[in-house]
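Residue numbers (my numbering), protein chains in the order written: chain A, 1035 to 1134; chain B, 12 to 495. What follows is one structure encoded as structure tokens, with my remarks underneath.
Dropping the structure here:
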């Protein structure tokens, strides 16, 4: 089964792929992406570089998450200069909180 | 450039210096060690249906599976010193059922810098009452640069239902503390306005400040109406008649985003992410591929109100209006080019309305003091290019907005430069920024060249603006966006 962390990683990578064709999900188990080190990059690095594209990313991510996690994901502070991996860590914590 | 440059003025724009945060934090928001080849932080999650440990290394690893053989990993809880038996640690491919345990694996998109250790859900992996920490020792780790380190050890917190909120708060804090472009950028800017006036200093000021808030912080009803909002202001001001848009606006904006994607494909991915699903199948990947087909992937609807004022001689009240503003925008997906070393995207604003009323008009008794109604449409293009393996970078942004004024509004008389005239009809605004950043480092800052062009009319006084600015900007070379 996927852990909360695996699920957070898949959700964030998928939302990036919806917001930017610069990002591809190559395999889902194990998760592999293009760019290969997606979570070490910032949103601005992958074309999610203004408020419109960040809003598309956020709405995509919220759509992919379980209902109880949505409010937390909706209020994440996001800028184009945030490292994407930080969002994975936070979404993991939000899912874990619901499933604790 | 052929322009009569009588004066070159220096405009020092001191913005934000990145504040140093004394205690290092990892991406997960936890305390770290300074060892360049070791464990940065780790934590153990004990949830209702799964237990796992996340280990964050200080550097990218080679992702060598032999390093994470359960026989190479030693785990114990503290203070009880209870050890987890090695046969309770899962391998990389545990049985694929909803009841099975998560796998032990490096996380590729993190550059294998993160390791998940999956644990079997039984009494052997349950912390004793009073245990608060977990200690890990891994016999050896191959790092990506060829360094072999070992044993690597680390100590981290145990999170369960009682304290999981702490992890939520830590990771949110790490997100909020990541440095923004404004913090990194433009330590000092030097601008040359062309043409420059015969006397006095010249230069343009473009300041935009926004504070966002989110419907997730509010009641459920609010979430249906909007996703996010912002309060802030925009100031566009020049020191010379033909380069002075005299534009200030401050207000509130609420935003709702509608995704233009196949709902069934979205639901397929959502099911893979939802709890209780076994590992995702090829259908998930197919759904993702399907979602990536559309060029336009979101419709954004903004609603808000703002105050707009004529910025002149430290006043805003020569002409001021209160305006309700509603705009629909369609955002394209970002497309890569040149072997994915660059990308471009655009957004269309097919329709927008500005409705409002004049508040003040102090420079003439014959001013328009009634209602105002404007139609607007526009587009924005962004382009970003950075050659592979290079720190040289080019960024281009262009924005065009066309307004049609249904009612007469107050405007600047070009002869007197006072807001004593009126205008109506078509009003265009265009602005473009081109920035080049170079690899050269000067006092830990990366110099760049910025070229800006503005032309047209902005409310509330529609002062004709035509300016071309060349500037040098210094971007902080501190590229840390990891929340440290």
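Glycine residues also receive a C-beta, built at the ideal position from the N, C-alpha and C atoms. All values derive from a computational prediction rather than experimental measurement.
Identify the residues that DSSP records as bridge partners of residue 222 of chain B: which are they?
B/242
Sorted by chain position, which residues of the same chain lie with C-beta nearer than 7 Å to residue 1053 of chain A's C-beta, five sequence neighbours on each side aside?
1082, 1087, 1090, 1091 and 1094
Residue from A/1064, A/1123, A/1105 and A/1119 with nearest C-alpha to residue 74 of chain B
A/1064
Limits of the unbroken alpha helix (DSSP H) element including residue 1123 of chain A:
1118-1133
Within this structure, are the beta carbons of residue 89 of chain B and residue 142 of chain B separated by less than 8 Å?
yes
Using the rule of at least 16 other Cβ atoms within 10 Å of the residue's Cβ for burial, across every protein chain shown, is residue 336 of chain B buried or exposed?
buried
Does any C-beta atom of chain A lie closer than 8 Å to the C-beta of residue 387 of chain B?
no
Whole angstroms are fine: how far does the CA of residue 308 of chain B sit from the CA of residue 270 of chain B?
6 Å
Under the assumption that residue 237 of chain B contacts residue 260 of chain B (Cβ atoms under 8 Å), give the Cβ distance between them as a whole number of angstroms.
In fact, because the Cβ distance is near 20 Å, the residues do not count as touching under 8 Å.
Any C-beta of chain B within less than 8 Å: which residues of the segment 1063-1075 of chain A qualify?
1063, 1064, 1065, 1066, 1067, 1068, 1069, 1070, 1071, 1072, 1073 and 1074
For a contact meaning CB atoms closer than 7 Å, what does residue 113 of chain B contact in chain A?
1035, 1036, 1037 and 1040
Short CB-CB distance (under 8 Å) between residue 295 of chain B and chain A
yes
Check whether residue 125 of chain B and residue 67 of chain B have beta carbons under 8 Å apart
yes
Alpha-carbon to alpha-carbon, residue 1071 of chain A and residue 16 of chain B
Below a pLDDT of 50, predicted positions are generally treated as unreliable, and residue 16 of chain B, at 36, falls in that range; the measurement from the model is reported next regardless. For residue 16 of chain B and residue 1071 of chain A, the distance between alpha carbons rounds to 48 Å.
Distance between residue 462 of chain B and residue 415 of chain B (C-alpha atoms, nearest Å)
29 Å
Terminal residues of the continuous beta strand (DSSP E) containing residue 84 of chain B?
84-89
I need the DSSP call for residue 217 of chain B, collapsed to helix, strand or coil.
strand
My guess is that residue 303 of chain B and residue 1055 of chain A are in contact by the Cβ rule of under 8 Å, so how many angstroms apart are they, rounded?
6 Å
Would you kindly work out how many angstroms separate the C-alpha atoms of residue 117 of chain B and residue 474 of chain B, rounded to a whole number?
59 Å
Quick one: complete alpha helix (DSSP H) runs, 4+ long, within the segment 126-184 of chain B?
none
First and last residue of the uninterrupted alpha helix (DSSP H) at residue 1104 of chain A:
1104-1108
Beta-carbon neighbours of residue 478 of chain B, restricted to chain A and to distances below 9 Å:
Residues of chain A passing the Cβ test: none, with the nearest at roughly 23 Å.
Opening and closing residue of the beta strand (DSSP E) in which residue 434 of chain B lies
429-448
Which listed residue (B/58, B/48, B/423 and B/440) has its alpha carbon closest to that of residue 159 of chain B:
B/48
Spatial neighbours of residue 11 of chain B in its chain, beta-carbon cut-off 7 Å, leaving aside the 5 residues before and after:
Here chain B has residues from 12 to 495 only, and residue 11 of chain B is not among them.
Can you look up residue 1078 of chain A in the DSSP assignment and give me helix, strand or coil?
helix
What do you get for residue 1103 of chain A, buried or exposed, if any count of 16 or more other CB atoms within 10 angstroms of its CB means buried?
buried
Using a Cβ-Cβ distance under 8 Å, would residue 122 of chain B count as near chain A?
yes
Please report the straight-line C-alpha distance between residue 298 of chain B and residue 1048 of chain A, rounded to a whole angstrom.
10 Å
The beta strand (DSSP E) spanning residue 408 of chain B covers which residue range?
404-424
Kindly indicate which residue of B/347, B/46 and B/366 has the alpha-carbon position closest to the one of residue 333 of chain B.
B/366
Under 8 Å by beta carbon: chain A residues contacting residue 187 of chain B
1111
So what's residue 250 of chain B in DSSP terms, helix, strand or just coil?
coil
Using a Cβ cut-off of 8 Å (strictly closer), state whether residue 1095 of chain A contacts chain B.
no
Output, in chain order, the set of chain A residues within a Cβ distance shorter than 8 Å of residue 395 of chain B.
1078, 1081 and 1083
Looking only at its own chain, which residues have a Cβ that is under 6 Å from the Cβ of residue 465 of chain B, when we skip the five neighbours before and after it?
442, 476 and 478
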